[in-house]
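To start, the structure under review is shown below, and the notes come after it.
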Amino acid sequence: MTKAFLFDLDGVIVDTAHFHYQAWRRLANEKLGFDISEEFNESLKGVSRTESLERILAHGGTTLDEATKTDYGTLKNNWYVALVNQMTPDDILPGITDFLVQTRTAGIKIGLGSVSKNARPILEKVGILDKFDVIIDGNKIAKGKPDPEVFLNGAAELGLLPEECVVFEDAVAGIEAGRRAGMKTVGIGKADILTEATLVFADLQNVQVADLIQQLKALE
Ligand code: B16
Ligand code: MG
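Everything in the sequence shown is counted per the numbering used here, starting at 207 for the first residue and increasing by one.
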C-alpha cells in the first residue's frame, strides 16, 4: 500500500538544472579554460557537487589539487545561490502545486529526497517548504544518488517501509537510487531515457493521484 511520495527536487519540483549549468559553465570558462555543453550537463543531474566537479575535470582532461577543488566548489555554489535567490513561486514546475494538494488530500505523506545542500532554502524561496512532512537533503546524507541512502532515510524518518514509498525522479541516477531502495519509481521525462522507472510521465500536469495509485497497484 502506498503511504508516501518521495520527490526529487531539481527537475521534478523546480527546474534548477539550468542554474547549475550556468554556474558550472562559468567555472569551466573562467577557471578551467574550456566550455561545457548543455548536453554534457545532463550527466550532472542528480549527482552531488563534488562528483559533478570530478566529472567536469575528467571531461576537460584536467586535474586539480584537493584545496583548489574545495575552493572551486564553493565558488560555483556562490554563483548558483545568487541565481536561485531570484526564484519565486512561478518557478514551481507545471502541475506540481495541484499534485501536492491531491497527495495531501489522499492522505499520502510528502517527502523530499534531494542530494542538494540548497534544497531547503529553494523550497522556502518558492513557498512550499511547509508542504513537506520530511526533508532529506545533501546535508543529511553521506552518499549521493544512485546510492539509495537519500530515499531509505526518507522512509525511515516517516516510519515507513520502502515498499510503502514511491519515488518521483527526473534523473537516471535517481531512478536507480529509488529502485535500489526497493521503492516503485515514477520517472518525469522521457521513457526512452528513464527505462528503469516503473511508470514515466512527461510531467505531472493532468496526472491524478488516485489514477496513479491504481496504475501502480495493477503492476504489483
Ligand atoms: P548542490 P536533486 C541535485 O539535486 C542536482 O540535480 C545536481 O545537479 C546537483 O549537483 C546536486 O543536487 C547537488 O546540489 O550543489 O546544491 O548541493 O536532483 O537531487 O534534487
Ligand atoms: Mg533531479
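Where is the CB? At the ideal position from N, CA and C, for every residue including glycine.
Keep in mind that this is a model prediction, so the values were computed, not measured.
With distance defined between alpha-carbon atoms, name the residue in LYS337, GLY365, VAL340 and ASP376 nearest to PRO352. Counting from 1 along the sequence shown, the entry for residue 352 is found at position 146. If we check each option's Cα against that of PRO352, ASP376 comes out closest.
Is there at least one non-hydrogen atom of the ligand MG closer than 8 Å to the beta-carbon of LYS429? This structure gives no information on residue 429, because the portion of the chain shown stretches from 207 to 426.
Closer than 8 Å by C-beta to TRP285: which residues in its own chain qualify, once you throw out the five before and the five after it? Chain order, please. As a first step, residue 285 must be located in the sequence shown, where it is residue number 79. Take TRP285, set aside five residues on each side of it, and the residues of its chain with a beta-carbon closer than 8 Å to its own are GLN228, ALA229, ARG232 and LEU233, in chain order.
Per DSSP, what are the beta-bridge partners of PHE407 in this structure? The sequence position of residue 407 within the sequence shown is 201, counting from 1. When DSSP reads this structure, PHE407 sits in a beta bridge with ILE394.
Check whether LEU358 and ALA210 have beta carbons under 9 Å apart: Position 152 of the sequence shown, counting from 1, holds the residue named residue 358. Position 4 of the sequence shown, counting from 1, holds the residue named residue 210. Cβ atoms of LEU358 and ALA210: not closer than 9 Å.
Looking at the structure shown, is LEU212 part of a helix, part of a strand, or coil, going by DSSP? As a working mapping, residue 212 is identified with position 6 in the sequence shown. Looking at LEU212 - three-state DSSP - the assignment turns out to be strand.
Tell me whether PHE240 is buried or exposed, calling it buried when 16 or more other Cβ atoms sit within 10 Å of its Cβ. As a first step, residue 240 is located in the sequence shown; it is residue number 34 there, counting from the start. With fewer than 16 Cβ atoms within 10 Å of its Cβ, PHE240 is classed as exposed.
Fully enclosed by the stretch 333-408, which alpha helix (DSSP H) runs are 4 residues long or longer? Runs found: 355-364 and 378-386.
Evaluate contact between the stretch 261-268 and the stretch 310-317, counting only Cβ atoms and requiring at least three cross-stretch pairs below 8 Å. Pairwise C-beta distances place the stretch 261-268 out of contact with the stretch 310-317, as fewer than three of them are shorter than 8 Å.
Is the beta carbon of ASP336 closer than 9 Å to that of ASP322? As a position in the sequence shown, residue 322 is number 116, starting the count at 1. As a position in the sequence shown, residue 336 is number 130, starting the count at 1. First, the residue type needs correcting, since residue 322 is Ser and not Asp in the sequence shown. The Cβ-Cβ distance between SER322 and ASP336 does not fall below 9 Å.
Could you compute how far the alpha carbon of ALA387 sits from the alpha carbon of PRO354? Mapped onto the sequence shown, residue 387 falls at position 181. Mapped onto the sequence shown, residue 354 falls at position 148. The straight-line gap from Cα to Cα measures roughly 5 Å.
So VAL392 packs on LEU212, CB below 8 Å; how close in whole Å? Mapped onto the sequence shown, residue 392 falls at position 186. Mapped onto the sequence shown, residue 212 falls at position 6. The beta carbons of VAL392 and LEU212 sit about 10 Å from each other, so the pair does not count as a contact at 8 Å.
Counterpart residues of VAL220 in DSSP-defined beta bridges: In the sequence shown, residue 220 corresponds to position 14, counting from 1. According to DSSP, which records beta bridges pairwise, VAL220 is partnered with ASP216 and ILE298.
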